[in-house]
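Residue numbers (this note's numbering), protein chains in the order written: chain L, 5 to 283; chain F, 22 to 352. All C-beta atoms in this analysis are idealised placements derived from N, C-alpha and C, irrespective of residue type, glycine included. Treat the numbers as computed from the prediction; the structure is a model and nothing was measured.
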Amino acid sequence: MNKARSNPLNTLMMHGALILYTLIALFPVFVILINSFKERRSIFREPLALPNAESYSTIGYNTVMQQGDFFLYFQNSMTVTVASLFFVLLFGAMAAYALSEYRFRGNMLMGLYLALGIMIPIRIGTVAILEMMVATGLVNTLWALILVYTAQGLPLAVFILSEFMRQVSDDLKNAGRIDGLSEYTIFFRLVLPLVRPAMATVAVFNMIPIWNDLWFPLILAPAEETKTLTLGSQVFIGQFVTDWNAVLSALSMAILPVLVLYVIFSRQLIRGITSGAVK
Amino acid sequence: MTALSLQNVNKSFGEVHVLKDINMEVEEGEFVVFVGPSGCGKSTLLRVIAGLEDASSGEIRIGGDVVNLTPPSKRGIAMVFQSYALYPHLNVRGNMTLALKQERQSKAVIEERVQEASRMLNLEPYLERFPSELSGGQRQRVAIARAIVREPKLFLFDEPLSNLDAALRMNTRIEIANLHRQLGASMIYVTHDQTEAMTLADKIVVLRDGRVEQIGSPMELYNNPANQFVAGFLGSPAMNFFPAELVQDGDDRTMGVRPEDLFLDDSGALAARVSHVEKLGGDTNVIAQVNRHQITARLFGQHAVEPGQDLRLGFNPQNAFHFNGEGMRVE
Ligand SMILES: Nc1ncnc2c1ncn2[C@@H]1O[C@H](COP(=O)(O)OP(=O)(O)OP(=O)(O)O)[C@@H](O)[C@H]1O
Ligand SMILES: [Mg+2]
Chain L
5 MNKARSNPLN TLMMHGALIL YTLIALFPVF VILINSFKER RSIFREPLAL
55 PNAESYSTIG YNTVMQQGDF FLYFQNSMTV TVASLFFVLL FGAMAAYALS
105 EYRFRGNMLM GLYLALGIMI PIRIGTVAIL EMMVATGLVN TLWALILVYT
155 AQGLPLAVFI LSEFMRQVSD DLKNAGRIDG LSEYTIFFRL VLPLVRPAMA
205 TVAVFNMIPI WNDLWFPLIL APAEETKTLT LGSQVFIGQF VTDWNAVLSA
255 LSMAILPVLV LYVIFSRQLI RGITSGAVK
Chain F
22 MTALSLQNVN KSFGEVHVLK DINMEVEEGE FVVFVGPSGC GKSTLLRVIA
72 GLEDASSGEI RIGGDVVNLT PPSKRGIAMV FQSYALYPHL NVRGNMTLAL
122 KQERQSKAVI EERVQEASRM LNLEPYLERF PSELSGGQRQ RVAIARAIVR
172 EPKLFLFDEP LSNLDAALRM NTRIEIANLH RQLGASMIYV THDQTEAMTL
222 ADKIVVLRDG RVEQIGSPME LYNNPANQFV AGFLGSPAMN FFPAELVQDG
272 DDRTMGVRPE DLFLDDSGAL AARVSHVEKL GGDTNVIAQV NRHQITARLF
322 GQHAVEPGQD LRLGFNPQNA FHFNGEGMRV E
């Protein structure tokens, strides 16, 4: 076994550093969580104290549950995020496969054109997008958000995935062709499983910005029945008074699903980061 | 009956002309080996035959039918790749049966063929394992078994042994020769290892820069090479080439003599200074300089020759080949 790695002092320092980093990274989440269970006064008096018998209160959660249809917002956010990720991964992977696998006229140009989207923020086109959504009657539907987020995520997805797909062995795909697999089967059964770590990376990169986005929900789907969590939580932040109990409770609940999705993808992600190293 | 015939096959990638007017035939049951230096188009030719690349022009017939427009899976071929190319998500059995399932063969037929192929290649204990759990040699045997179960009219091998170590390569080579005998199928085999080429082939096709240089049985090519390239490519150590005027004044041809045809001879035609000696026990390879031309002599048995020594090498004139300025064989 590697000497440097098995040295107890090194191990200790390594773990010490990692634990310290974890604590720092988790600290804000921790503060939000504990304060969401406290009454208003104690939040400001002692923000770092744990809730005790005196300061414990679930008033924030009660407010959130009563005000507006919180579970609907939650569901909307979840639908939009999962659907957008699905389309980004599906179309991104398909485009990447075509660009890396097939020789056709304009292949290079097409790749560059798709990569252009990485450099130009989609928000620049907000007005045009809004006009388009109005014209197609998609305003105040979840589809408006899903379409926009899919468009926003595709460039990076195509860019990353096509790089990975180029590395998938030609022989393997050719073996599939000789064995009579269709191009779709080769794509879904042979190539996709081999680029799964890259897909997880793309999913994580896209997930957080979509989940947290306020801009497009506010502009494209502000109706009560299509509000996302982030937009829904805004009602508690007023110009003059902010209901901190409610805001913290809403935030605490908003963290959960992202955490779950992240855990699902991160196993694949870690495999992706280390796959080059151990091969 | 011809298993495969190629007529004026050309292949270009954009500007790059890779295959140039390839004409050849593979008879039923024949073992044909493609040899040639790296980048000469062996793999490309194989892929054109398999249908993985379209020929730019020319006609490809397999078993008498023109197959230019037939997809790879319908050409009645099976291919074994250098990198094995096993399906990582399927176990050995799954790898072997995938193509048969695609062809909608009955369960009984599939099972019978898997049994047969795994018996031939000693794969029975590994049928439930995944490719990642096999050694390199076992993976290559699975790849060959996957080709066998399809019962193709024509087998295509692209340097199947080049990832194996020397001992395993020899075993697998013998295994492939046995398979060819048992199956009696037509096989095309790409390699740049000339031992493989000489030992396996009924017929060797020598390629250079996308052109066929010569086609013939191993001994035909060895005894009667059409040009300097073929003469130099087959045989190990390679044939010696030197200006014929070293032997005869005013002769502007190039002379070629195989290392095994040279012998020590005090009245020999070539005066040489030994620069290096390889003593192999059974043979002694003497590398010597003749007028700044390097010449290798392969002497049978053991000889007391040391570097720096001056000696004379002779050969039988019948064993010498002559080539003109373009490298073509002349008398
Ligand atoms: N897709 C391609 N696009 C452009 N040129 C190609 C392509 N595939 C192969 N070539 C060119 O065709 C030539 C022949 O390649 P090929 O792979 O057939 O060589 P080879 O004889 O199999 O060599 P090796 O012994 O190294 O495997 C090479 O010069 C290569 O650069
Ligand atoms: Mg090759």
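Check: Between Val152 of chain L and Ala57 of chain L, what straight-line distance do the alpha-carbon atoms span, to the nearest angstrom?
Finding: Spanning the two alpha carbons is a distance of roughly 47 Å.
Check: Considering only residues of the same chain and omitting the five flanking positions on each side of Ala325 of chain F, which have a CB-CB separation below 6 Å?
Finding: Here the set comprises nothing.
Notebook entry, point to check: Beta carbon of Glu145 of chain F, beta carbon of Ser153 of chain F: below 7 Å?
Noted result: No, the Cβ-Cβ distance between Glu145 of chain F and Ser153 of chain F is not below 7 Å.
Notebook entry, point to check: What does a CB cutoff of less than 8 Å around Leu67 of chain F pick up in its chain, not counting 5 residues either side in sequence?
Noted result: Around Leu67 of chain F: Phe55, Met100, Leu177, Asp179, Ile209 and Val211.
Note to self: For Lys300 of chain F, list the residues DSSP reports as bridge partners.
What the structure shows: Note: Lys300 of chain F sits in a beta bridge opposite F:Thr305.
Checklist line | Contact set for Gly115 of chain L: own chain, Cβ-Cβ below 6 Å, skip 5 residues either direction | finding: Excluding positions up to five away in sequence, the list reads Leu103.
Notebook entry, point to check: Using 8 Å as the threshold, is the region 134-154 of chain L in touch with the region 225-233 of chain L, meaning 3 or more CB pairs across them?
Noted result: The way I'd put it, the region 134-154 of chain L does touch the region 225-233 of chain L; three or more beta-carbon pairs between them come closer than 8 Å.
Notebook entry, point to check: Can you find a CB in chain L that lies within less than 7 Å of the CB of Gly106 of chain F?
Noted result: The amino acid occupying residue 106 of chain F in the given sequence is Ala; Gly does not appear at that position. Judged by the 7 Å Cβ criterion, Ala106 of chain F is in contact with chain L.
Check: Between Arg181 of chain L and chain F, is there a C-beta pair that is closer than 7 Å?
Finding: At a cut-off of 7 Å, the C-beta of Arg181 of chain L has a neighbouring C-beta in chain F.
Next item on the list: Using 6 Å as the cut-off, classify the Cβ of Gly72 of chain F as near or not near the heavy atoms of ligand 1, replying yes or no.
Entry: Not one heavy atom of ligand 1 falls within 6 Å of the beta-carbon of Gly72 of chain F.
Checklist line | Within chain F, the residues that Gly184 of chain L reaches when beta carbons sit closer than 7 Å | finding: Chain order gives the chain F residues near Gly184 of chain L as Ser94, Ala120, Gln123 and Glu124, where near means a beta carbon separation below 7 Å.
Margin query: Since Arg294 of chain F and Ala309 of chain F should fall inside the 8 Å C-beta cutoff, what is the C-beta to C-beta distance between them, to a whole number of angstroms?
Written below: Their Cβ separation, rounded to whole angstroms, is 6 Å, which keeps Arg294 of chain F and Ala309 of chain F in contact under 8 Å.
Check: For Val326 of chain F, which three-state DSSP category applies?
Finding: DSSP places Val326 of chain F in coil when its eight states are reduced to three.
Note to self: At the level of alpha carbons, what is the spacing between Gln123 of chain F and Met137 of chain L?
What the structure shows: One C-alpha to the other measures close to 45 Å.
Check: Looking at the C-beta of Pro201 of chain L, does it have a partner C-beta in chain F at a distance below 7 Å?
Finding: In terms of beta-carbon proximity, Pro201 of chain L stays away from the interface with chain F, with every pair separated by 7 Å or more.
Notebook entry, point to check: Would the region 244-251 of chain L and the region 182-191 of chain L be scored as touching if the rule is three or more Cβ pairs under 8 Å?
Noted result: Of all C-beta pairs linking the region 244-251 of chain L to the region 182-191 of chain L, fewer than three are shorter than 8 Å, placing the two stretches out of contact.
Next item on the list: Could you spell out where the alpha helix (DSSP H) holding Gln79 of chain L opens and where it closes?
Entry: Gln79 of chain L: member of the alpha helix (DSSP H) spanning Phe74 to Glu105, first to last residue.
Notebook entry, point to check: Heavy atom of ligand 2 less than 6 Å from the Cβ of Ser64 of chain F, yes or no?
Noted result: Because some heavy atom of ligand 2 lies under 6 Å away, the Cβ of Ser64 of chain F counts as near it: yes.
Notebook entry, point to check: In terms of residue numbering, what span does the alpha helix (DSSP H) encompassing Asp331 of chain F cover?
Noted result: Where Asp331 of chain F is concerned, there is no enclosing alpha helix (DSSP H), although the beta strand (DSSP E) it sits in stretches over Asp331 to Phe336.
Item checked: Option in F:Gly97, F:Thr216 and F:Phe250 with minimal Cα separation from Val227 of chain F -> For Val227 of chain F, the closest C-alpha among the options F:Gly97, F:Thr216 and F:Phe250 is that of F:Phe250.
Notebook entry, point to check: Between Val47 of chain F and Gly72 of chain F, which are expected to be in contact by the criterion C-beta below 8 Å, what is the C-beta distance as a whole number of angstroms?
Noted result: Rounded to whole angstroms, the Cβ separation of Val47 of chain F and Gly72 of chain F is 16 Å, and the two are not in contact under 8 Å.
Checklist line | Closest Cα partner of Val245 of chain L within the set L:Arg44, L:Leu37 and L:Arg200 | finding: If we check each option's Cα against that of Val245 of chain L, L:Arg44 comes out closest.
Item checked: Closest by C-alpha distance to Arg134 of chain F, when choosing among F:Gln161, F:Tyr108, F:Arg171 and F:Leu255 -> Distances from the alpha-carbon of Arg134 of chain F to those of F:Gln161, F:Tyr108, F:Arg171 and F:Leu255 put F:Arg171 closest.
Notebook entry, point to check: So the beta strand (DSSP E) Glu46 of chain F belongs to, where does it begin and stop?
Noted result: Annotation: the continuous beta strand (DSSP E) that includes Glu46 of chain F extends over Val37 to Glu48.
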